[in-house]
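Chain order of the listed sequences is E and W. According to the working numbering, the first sequence holds residues 2 to 375 in order. According to the working numbering, the second sequence holds residues 2 to 375 in order. All remarks here apply to the structure that follows.
Protein chains: 2
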Amino acid sequence: MKKTELPLLVSGTGESLNDVQHLTGFKSVSRVVLLKLENGEQHLVVPQAEYSRALRNARSSFVWTPEMLNVSSRNRNDIRKWITAILAEKNVKRVHVMADFPHSYALPVIKCGVRLDIINHSIVSGRSTKKPNEIRRIGDTQQAAVIAMRSAISLIQRSKIDTDGTLKQGNHHLTAEFLRKFIAKILIDHGCDGACSIVACGQQTEDPHEQGSGVLKAFEPILLDIFPRHITHGFWGDITRTVVKGRPTPELRKMYNAVRAAFDAALSTIKAGIQAKTVHKAVIAEFKARGYEAEMKDGLLTGVISCTGHGIGLSLHEDPIVCSDPVKLTSGNVLAIEPGLCYPGIGAVRIEDLVEVTSDGCKYIAPCERKFEL
Amino acid sequence: MKKTELPLLVSGTGESLNDVQHLTGFKSVSRVVLLKLENGEQHLVVPQAEYSRALRNARSSFVWTPEMLNVSSRNRNDIRKWITAILAEKNVKRVHVMADFPHSYALPVIKCGVRLDIINHSIVSGRSTKKPNEIRRIGDTQQAAVIAMRSAISLIQRSKIDTDGTLKQGNHHLTAEFLRKFIAKILIDHGCDGACSIVACGQQTEDPHEQGSGVLKAFEPILLDIFPRHITHGFWGDITRTVVKGRPTPELRKMYNAVRAAFDAALSTIKAGIQAKTVHKAVIAEFKARGYEAEMKDGLLTGVISCTGHGIGLSLHEDPIVCSDPVKLTSGNVLAIEPGLCYPGIGAVRIEDLVEVTSDGCKYIAPCERKFEL
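Printed below as a string of structure tokens:
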């Protein structure tokens, strides 16, 4: 964590629990309050039920319960009282909070005469620059994702094309639902949770968040997006492949080659010290050179997919975002790079892999071969 | 949703996405903004990538993108601009927000001269009173949990006790990790995600959020807490059983009988119109009659577990909380009832099932037999 000039107050759900885990090592399942003082001292307030687990797992932190802070039993479940109690206990008069800090928590704090300043999340938490053990953990998860991806692609490869163009595995149709469960069980076997993978076919791929359903078909893009989370340590992985069973149309093959080239263009640009938007621009330029651009059609953005990538760690999407925002890459960033093209009536092509940013370039977190025509 | 006198503004992560799904039927994976006007009109602002899916799935809502609200391309990813734009578009000067609404979103809204009032989440959303189709969905998930629970218990039942008291399945030790994966795969087969079930043994059960690890043992409590979420519709289930392989100690058996009796005491109290704390008090009284009370030991609460239950739906824990807070039960509440006892050196005993509150009592969402000594 970078030095901040103010104490930092973290509380809420979702991201703030990830911030607490990042700063203390403690993976909470309930709402907690973390106060980090200017001198680095960390004070963690947890409910009774979490106390002994927090004592065992939270590193370099003083652990409190509301009872220890003399919060009355009537207010024991009111986290706002925990916050004002720990601020009073440590005599804090001004704190930084992150963008997600709830307004309903801010009001009583302000009423107690404490000044709140909102601070950019990633700067304070330092989460976007991963330590070697964090990169290893992302690697655990990404390796599971790679194994699941290979198994899924192998299953599509071994399927047969029926007379109507649908895919069959033995006597059964090969469906998106079956493949999603098949992927999920492999992830489970590797200690990861990922039941919601995207297995979309044909026009379903045009909607980036459509999970996909029904029988898979030959000659159309099949998009597989697998994004598991490790059950024990909570780090995410993320990989996407687009494949076609049987011969793809020339149009689709041209799109696929462009996406691969755009991916390579991104990778040849990435290194510590450059701007994330430089990577995004390289992708846009490569697509443009091949005749692909982002364009509005009937109020919808088509062509080049608008964002090149994102950081990944304890959140699936976190800083740095690889798009047009000004943000400098640093060694230890782990990026999901995912250029893509999408056209109504044809579908989408995306390729996504994770890379670690290094001083002179980048390297794959867990390499996975690329197949297109199966 | 109950009528509110002010428009309602929903935005943020976690709970607010569940609120948006509850009010519109649209299951978003990105941050969105929902503005519900006094006349019931709903305006949903989603990113470009979600637009067509929102158009298809969001019922009785006008769907907007930031572009349609003339948010400049520079600010396209800044959700605060979406919020101020939709409030200006609909000329809203005062709104209700929920307790989780981020402070960083509230500030620019206030700066635009709009007054924000924080409102109790469950009152506005109406989420705690389930409609029949919502209860059916919770039933889908709970049925999957029941099947997984039965299979897990059957596996423990069929295991052998080794000379050192550890459980063996064929030539292998039966571990918490194996059983957790076994449960997860059954849940996957039934369309649910639940990779983090608690499978804890002996003293591990003393920590309510300890997932459990290592070889399972005979003569000690094995606590199984399975809480899956349905992959498609997102409703949760929740079930807990405590079992012992081999003969339990008389002390443990006495605890188990008390927990069963406390559960029955809760069920005989539940009906629409009574206070949730009346249910909690019935549990406390039953335990007390059997010599069990909540007590502090070395700063830790032991004995009777402090909360009897919680509502369940699109969140695993939601209103109404069945504890000492004053809240009246209504027909259509779905409650997880989970009385328990916990003593250091012995471990914990908990039983948990879901019931639907009716006008004259309650009924199980998905019945599951109770076994203790296996």
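Ideal Cβ positions, reconstructed from N, Cα and C, are used throughout, including at glycine.
For Met297/E, which residues does DSSP report across the bridge?
Leu302/E
Where Thr309/W meets chain E, residues with beta-carbon distance less than 8 Å:
What Thr309/W touches in chain E: nothing, since even the nearest Cβ is about 14 Å away.
Figure out for me which residue from Lys82/W, Ile80/W, Ser29/W and Gly203/W has the closest Cα to the Cα of Asn58/W.
Ser29/W
At the level of alpha carbons, what is the spacing between Asp265/W and Glu178/W?
32 Å
Would the beta-carbon of Val1/W fall within 8 Å of that of Leu117/W?
Chain W is shown from 2 up to 375; residue 1/W falls before or after that span and cannot be answered.
I'd like to know if the region 78–85 of chain E and the region 94–112 of chain E are in contact, where contact means that at least 3 CB-CB pairs between them fall below 8 Å.
yes
Is it true that the region 157–172 of chain W meets the region 167–186 of chain E, where meeting means three or more beta-carbon pairs spaced less than 8 Å apart?
no
Considering Thr309/W, what are the terminal residues of the alpha helix (DSSP H) in which it resides?
Taken as a continuous stretch (DSSP letters only), Thr309/W belongs to no alpha helix (DSSP H), as it is neither H nor E.
Could you tell me which of Lys272/E, Pro340/E and Arg291/E sits nearest to Ser360/E, measuring between CA atoms?
Lys272/E
Quick one: grab the DSSP three-state call for Val323/W.
strand
Candidates Asp208/W, Glu374/W, Gln205/W and Ala259/W: which alpha carbon is nearest Pro249/W's?
Glu374/W
Could you please tell me which residues of the region 89–105 of chain W, in chain order, have their CB closer than 9 Å to any CB of chain E?
Val98, Met99, Ala100, Asp101, Phe102, Pro103, His104 and Ser105
Just to confirm, are Ile240/E and Cys369/E a CB contact at a threshold of 8 Å?
yes
Can you give the Cα-Cα distance for Ile322/W and Gly213/E, rounded to whole angstroms?
36 Å
For Ile306/E and Phe228/E, what's the separation of their Cα atoms in angstroms?
19 Å
Residue ranges of each beta strand (DSSP E) within the region 162–217 of chain E, 3 or longer
168–170 and 199–202
Examine chain E for any beta-carbon lying closer than 8 Å to the beta-carbon of His44/W, and answer yes or no.
no
Along the region 181–205 of chain E, what residues have a CB closer than 7 Å to any CB found in chain W?
Lys182, Ala185, Lys186, Ile189, Asp190, Asp194, Ala196 and Cys197
Might you give, ordered along the chain, the residues of its own chain that have their beta carbon closer than 8 Å to the beta carbon of Leu302/E, omitting 5 neighbours on each side?
Ala295 and Glu296
Chain-order list of residues whose beta-carbon lies under 6 Å from that of Val47/W (same chain, five-residue window excluded)
Val33 and Ala55
Counterpart residues of Cys343/E in DSSP-defined beta bridges:
Gly304/E and Ala349/E
What residues from the region 41–73 of chain W come within 7 Å of chain E, judged by C-beta to C-beta, listed N to C?
Gln49, Ala50, Glu51, Tyr52, Ser53 and Arg54
Is Leu10/E near Val98/E, with beta carbons less than 8 Å apart?
yes
Lys182/E, buried or exposed, once every other Cβ within 10 Å from all chains shown has been counted against 16
buried
So, for Leu188/W: in the same chain, excluding its five sequence neighbours on each side, which residues have a beta-carbon less than 6 Å away from its beta-carbon?
Ala145, Ala149, Gly195 and Pro229
Considering Ala266/E, what are the terminal residues of the alpha helix (DSSP H) in which it resides?
Pro251 to Thr270
Between which two residues does the alpha helix (DSSP H) containing Trp65/W stretch?
First-last for Trp65/W: Ser62 to Trp65, but that is the beta strand (DSSP E), not the alpha helix (DSSP H).
Straight-line gap, Tyr257/E to Leu225/E (C-alpha atoms, nearest Å):
14 Å
So which residues on chain E does His23/W lean against when the C-beta distance must stay under 8 Å?
Result: empty, since nearest Cβ-Cβ is about 17 Å, beyond 8 Å.
What does Thr14/E touch in chain W if you count any residue whose Cβ is under 8 Å from its own?
Thr14, Gly15, Glu16 and Asp101
Got a sec? Which residues, its chain only, sit under 8 Å from Tyr293/W by beta carbon, not counting five neighbours each side?
Met256, Ala259, Gly304, Val305 and Leu342
By how many angstroms is the C-alpha of Ser198/W removed from the C-alpha of Gly238/W?
12 Å
Leaving out the 5 sequence neighbours to the left and right, which residues in its chain are closer than 6 Å to Glu319/W when beta-carbon positions are compared?
Gly312
Can you tell me which of the three DSSP states Ser29/E falls into?
coil
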